[in-house]
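Protein chains in written order, with this note's numbering: chain A, 55 to 291; chain B, 55 to 291; chain C, 55 to 291; chain D, 55 to 291; chain E, 55 to 291; chain F, 55 to 291.
Glycine is no exception: its CB is placed at the ideal position from the N, C-alpha and C atoms.
All of these numbers come straight from a predicted model, not from anything done at the bench.
Number of protein chains: 6
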Amino acid sequence: MRPSGRTLGQIRPVTITRQFTAHAEGSILIEFGETKVICTATVEEGVPRFLKGQGKGWVTAEYGMLPRSTHTRMRREAAGGKQGGRTMEIQRLIARALRAAVDLKALGENTITIDCDVIQADGGTRTASITGACVALVDALNYMRAKEIIKTNPLKHMIAAVSVGIYKGQPIADLEYLEDSEAETDMNVVMTETGKLIEVQGTAEEEPFSFDEMNEMMQLAKHGINELFDIQKAALS
Amino acid sequence: MRPSGRTLGQIRPVTITRQFTAHAEGSILIEFGETKVICTATVEEGVPRFLKGQGKGWVTAEYGMLPRSTHTRMRREAAGGKQGGRTMEIQRLIARALRAAVDLKALGENTITIDCDVIQADGGTRTASITGACVALVDALNYMRAKEIIKTNPLKHMIAAVSVGIYKGQPIADLEYLEDSEAETDMNVVMTETGKLIEVQGTAEEEPFSFDEMNEMMQLAKHGINELFDIQKAALS
Amino acid sequence: MRPSGRTLGQIRPVTITRQFTAHAEGSILIEFGETKVICTATVEEGVPRFLKGQGKGWVTAEYGMLPRSTHTRMRREAAGGKQGGRTMEIQRLIARALRAAVDLKALGENTITIDCDVIQADGGTRTASITGACVALVDALNYMRAKEIIKTNPLKHMIAAVSVGIYKGQPIADLEYLEDSEAETDMNVVMTETGKLIEVQGTAEEEPFSFDEMNEMMQLAKHGINELFDIQKAALS
Amino acid sequence: MRPSGRTLGQIRPVTITRQFTAHAEGSILIEFGETKVICTATVEEGVPRFLKGQGKGWVTAEYGMLPRSTHTRMRREAAGGKQGGRTMEIQRLIARALRAAVDLKALGENTITIDCDVIQADGGTRTASITGACVALVDALNYMRAKEIIKTNPLKHMIAAVSVGIYKGQPIADLEYLEDSEAETDMNVVMTETGKLIEVQGTAEEEPFSFDEMNEMMQLAKHGINELFDIQKAALS
Amino acid sequence: MRPSGRTLGQIRPVTITRQFTAHAEGSILIEFGETKVICTATVEEGVPRFLKGQGKGWVTAEYGMLPRSTHTRMRREAAGGKQGGRTMEIQRLIARALRAAVDLKALGENTITIDCDVIQADGGTRTASITGACVALVDALNYMRAKEIIKTNPLKHMIAAVSVGIYKGQPIADLEYLEDSEAETDMNVVMTETGKLIEVQGTAEEEPFSFDEMNEMMQLAKHGINELFDIQKAALS
Amino acid sequence: MRPSGRTLGQIRPVTITRQFTAHAEGSILIEFGETKVICTATVEEGVPRFLKGQGKGWVTAEYGMLPRSTHTRMRREAAGGKQGGRTMEIQRLIARALRAAVDLKALGENTITIDCDVIQADGGTRTASITGACVALVDALNYMRAKEIIKTNPLKHMIAAVSVGIYKGQPIADLEYLEDSEAETDMNVVMTETGKLIEVQGTAEEEPFSFDEMNEMMQLAKHGINELFDIQKAALS
């Protein structure tokens, strides 16, 4: 039923390439099938003004798409003079999810900025971003420990994310663009490796969904994300 | 346990005042306890460029807070030169939810713009906005039918929304500011009067939440929203 | 001759509701007939950079209109990315007028920000804003004295404002929208309760006006504003 | 009493140089003492969207100051990314005043844009701008008649403007910077050569002013502006 | 003498990967040593307004750097709300250079937009961009011919670019970051495969350079660029 | 062959008027034929943040054109909300060139800002700006020495600039607008009075140019700039 021939709960092949670019403290390329995102983690001393003097760190994120990462060219946001609402929404989601993975006290007064830049889009860019960003974050934390900027590991648990949805009346996992553009419902789920939820964002694009459908989607998400944890761990080992 | 003495699932007193201001085709004041939002619906001929010539209408929304609707004064977004990420996220949510309530074909090539302006904030401004906006929308659709701009009623079903969360380890409904600022988890649920889901947005602010906690919150949301449907209907009759 | 049947010098019924919203140090709703403006006064420690260390305070103002406070919807300025020229002009006028009412030295290094937000417009929004803002300012100054932030009352005198104009060849006071949109000349006058002038802004919209017409308008303004001082005092007592 | 030794009602020497730059349809340099403003008038076919198809023309104005036209350097508005409130206020004033001098119907569907750029500031830039702009406008209208773009002269009457104020307790005319920065009250008056008023904008900078003081200032303005009409006519003959 | 051990005129290893991303009509990754740039070419019907109806096409370019393509993180231009002066300067250079390679008449009323996005920077990003962009452009033109959007090949000649400079008193070619940051002079040269010049931009960063030094740099540029033409051709064959 | 009858290498009459406006530490009007630019130099204590504490000064520049300095009116950049790419490119060029003329250490922690504002344009505005800015800079440095802000003269050498190009197949110097708009190639050259190069920016607008043509243009530039040094010196003596 799915264009790719995947089973309902089957996620796309996922690859994670570490040290993808040279300068960042963490830099990975994550591929969810044809969706490709560069995630870099930058470590900087100091915190935003509202946190100063509290002995806590900060984790933030920015998201962008290359203008021609998509089927037709999108306007470059820098040229347009502002980030659109969708971009803002996604980068706020990524940042919140990552902060939930980190003990900000253990980070000291340091800031980690994660940049997620989509170089090729085929659905699921925000879930790929979160899943990849967590690996870049781990590399940055390792860097900080190696440099003795921090003494303990601030990572509370890995996080990963997958999209689920209702497509042609059936719940499916990890929607690619063709599925996403026709899905009745689209839901993004972020989970910890301890099996708990960080974010659930479900939207009825075409048709309201029932509580039962929601539960089914949540189960698919759980299985998909558990697979992602294995892939993250393999990449990090 | 709750500062207000409410039971876990109890929502605040809700009042809806129709014809709150004079010029808009729909104009209501909605109060969720101390949270007060003016929702106006504006009917205009024509649709945005991307929809032209398709014989379909459009529903969109904008959200704002008066600078001193909050405990401390927020910067006026117009003076700052842009709408913040939170504002963008909320107005996109309101607009998506309302579009899910309307048959855009039956609307013809007309646009309804809902403005939700918070004049006093005490938690739950986005759910109050959605619940109130739906009533303003109904008034605007009635206006359109009275003026014979449309022939059939484009409303598919009423929608309403409530926030739920985990507060001091317990699931509760309709968080006021004091609860919201300390909640471990915060979730906004938008539902149709037919018992289906339009949007679910859950965020672990402090602590990841379990699948069971999520289910409990969903049940509280369902009951709270059903009460809101009664209040909407009373206001409209 | 006037659409409302008012006499030439008769102002509209004016009501002032104090403590209109909960959080601000001063918060009033002022109604000049169908024109309704929320004026809040916010007290904050510190002054803008150009005043630092001079032992003086500051009073400033911002003005906005809800998008559908008017007959047809105006673009939301926050969405447009800037405040328009008319908004700037009005908020500069409000701020100047209020500063003329206050002994800035007696205020200490504190800032009072007045927000005037029009929720329904029917002509005279700037004069209603000034008249209401002065009451909100008094409430904020009372708050400061109660909290012992200041020791003496910085208020030099109450101020109030009314519009006057030439309509169908006759000078009239307190123009409502129907009159304003057809007036040959429009003038806004701000006065102190001691009978002196703070601001006079007269504009020939259609026809130049004579020195005699100006004098007649000034007399109408004087009488109208004196009535407003009575209403302000009644509200404050 | 005045730093320059001028009498109370005496305006500064005023010179108007026509054809100051080469490309504009009207281009003059106006000097009010040490205040120097370049005013150019540009004729373009067509009108702004809100006027299309009404058979009427439009006159608009923009105002700017070279960054170092003032004692200390001001930030270049183009670099700052927006025009400040003072700039907006002034250019709206100039444009309104000029429109009051022109029969827009006789202009046909054409737009005249007046640019007033201050190259040296010493008080009174807005009144110098208006007085000079009117001459540039006349040159542009003459150009239009010579090119047979219009058939009749749309000019209803010349306009000119002067500032008046209360300085050290005395009403004076045409304030230079030293006076302006210490004046208790500052008023700008725009008049027609037929002795009627176009704009009156009086502001109590330090001290409220009485109705009598206002009248005295108005008389000084009248005399000063009448002198300006002579200077304009001499320049145009 | 050079950090990499290269001879004075030796350029870095250059690789060009075609079809680097999936959606664009031309998409390449170009590497000048450690400098890596994605260049995509997008073909769209129509031309900018100023060209409409002239039967000519348009070629334009945009340039960006991922925030962490550099040693320390740069602010994301989209978040800052505008493109900086350096970005503007570079993208104007790229666009001008490419337009010089194309017969715009033969392109018909179509627009090709080249996006050059630096994912890793080590000096020479603008020359790598131009050299890569020309290959992406060729792929886009081939696509247009295959789709019969155009009938003849609008390419007049290949172009390529290299930087040259004075480093420790010696002229060198293709500066990497370490050299660039210490160079006395930096010059970018764009040439056609027919041996003619498109752009020469030389800047004395530290020390003015002599006419003789300029000639020496020009010779190095010529040799370096000729090597680049071989690499472009190999990539395209 | 040239519209003005000039010989190929002949530059236009150049005049430099010092003390053109009153407030700036250096203020000149420079005329290259019909091109007229006001250059002011402003001296301010302190340096931009990135230079603080290094004991060095800074020289920067901004460029603007009055809207009607050109044949048709250009949009005012302040009204448009940003400086265009061309403006950015030019002001960066002017600033770099001037910094190359100054020993920033000898300047102390002071900043000189040069504003170049074109009041009439006829080609060559950037080279006129640089040539004039250098004179304004000298006046500002003299002011600083007279005020004992600096002890030694930070000027390393005078700089001046001229445009050269290929017009109707021939190399010419100092292009006026008519020539510039038809030139095949346009090159701006900045030189020191010691005969060395600061900037060379050559662009093939229509036709690529040969190495020989480049050399011929460079020779014309050298002669033209040497004339400019004489004119600068005459103005300064």
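Since F86 of chain C is in the alpha helix (DSSP H), which residue starts that stretch and which ends it? No alpha helix (DSSP H) contains F86 of chain C, which is instead part of the beta strand (DSSP E) from 80 to 86.
Which runs of the alpha helix (DSSP H) at least 4 residues long sit entirely within the stretch 79 to 164 of chain D? Give them in chain order. 131 to 134, 139 to 153
Hey, quick one: how far does the alpha helix (DSSP H) through N280 of chain F stretch, first residue to last? 265 to 290
In the DSSP output, which residue or residues are listed as bridge partners for R180 of chain D? For R180 of chain D, which the question treats as bridged, DSSP gives no partner whatsoever.
State yes or no: is the C-beta of T185 of chain F within less than 8 Å of the C-beta of A214 of chain F? yes
Under 9 Å between beta-carbons, which chain D residues line up against L251 of chain C? List them in chain order, please. T239, G256, A258, P262, F263, S264, F265, E267, M268
Within 10 angstroms of the Cβ of G59 of chain A, are there 16 or more other Cβ atoms? Answer buried if so, exposed if not. exposed
What does G223 of chain C touch in chain B if you count any residue whose Cβ is under 8 Å from its own? Per Cβ cutoff of 8 Å: no residues; G223 of chain C is ~29 Å from chain B at best.
For S123 of chain B, is the classification buried or exposed, using 16 other Cβ atoms within 10 angstroms of its Cβ as the cut-off for buried? buried
Is there at least one non-hydrogen atom of the ligand ZN closer than 7 Å to the beta-carbon of M272 of chain B? The ligand ZN is not part of the structure shown, which contains no ligands of any sort.
Are the C-beta of D193 of chain B and some C-beta of chain C separated by less than 8 Å? no
Taking its Cβ as the centre, do 16 or more other Cβ atoms sit within 10 Å of G223 of chain B, making it buried, or is it exposed? exposed
Examine chain A for any beta-carbon lying closer than 8 Å to the beta-carbon of T185 of chain B, and answer yes or no. no
Apply the 10 Å Cβ neighbour rule to P67 of chain C and answer buried if 16 or more other Cβ atoms are within range, or exposed otherwise. exposed
Count the other C-beta atoms from every protein chain shown that fall within 10 angstroms of the C-beta of P121 of chain B, then say buried if there are 16 or more, exposed otherwise. buried
Those residues which DSSP pairs with G219 of chain E across a bridge: E:I226, E:D240
Mind checking whether V218 of chain B and Q286 of chain B have CB atoms under 8 Å apart? no
Could you spell out where the alpha helix (DSSP H) holding E253 of chain E opens and where it closes? Not the alpha helix (DSSP H): E253 of chain E falls in the beta strand (DSSP E), residues 251 to 258.
Does the beta carbon of E143 of chain C sit closer than 8 Å to a beta carbon anywhere in chain D? yes
Using a Cβ-Cβ cutoff of 7 Å, what residues of the stretch 129 to 154 of chain E are near chain A? List them in chain order. R130, E131, A132, A133, G135, K136, Q137
Start and end of the alpha helix (DSSP H) containing L232 of chain A? 231 to 234
Nearest candidate by alpha-carbon position, reference R56 of chain D, set D:E230, D:I252, D:F86: D:E230
Note down, in chain order, all residues in the stretch 58 to 88 of chain E with a beta-carbon under 7 Å from any beta-carbon belonging to chain F. none
Assigned exposure category for F104 of chain E - 16 Cβ within 10 Å defines buried: exposed
By the three-class DSSP mapping on this structure, what secondary structure does T246 of chain A have? strand
Is any beta-carbon of chain F found at less than 8 Å from that of T114 of chain E? no
For the beta strand (DSSP E) containing I70 of chain A, list its first residue and its last residue. 68 to 72
Give a yes or no on whether the C-beta atoms belonging to A132 of chain C and D193 of chain C are separated by under 8 Å. no
Mind reading off the beta-carbon distance from T114 of chain C to T69 of chain C? Whole number of angstroms is fine, and I expect it under 8 Å. In fact, because the Cβ distance is near 26 Å, the residues do not count as touching under 8 Å.
Can you check whether the C-beta of T94 of chain F is within less than 8 Å of a C-beta belonging to chain D? yes
In three-state DSSP terms, what is T185 of chain A? helix
In whole angstroms, give me the CA-to-CA distance for M128 of chain B and A76 of chain C. 15 Å
Would the stretch 83 to 98 of chain F count as touching the stretch 238 to 247 of chain F if we require 3 or more Cβ pairs under 8 Å? no
Would you call the CB atoms of D176 of chain B and T89 of chain B closer than 8 Å? yes
Could you have a look at L191 of chain E and say whether DSSP puts it in helix, strand or coil? helix
Distance check for T246 of chain E and R199 of chain D, CA to CA, integer angstroms please. 52 Å
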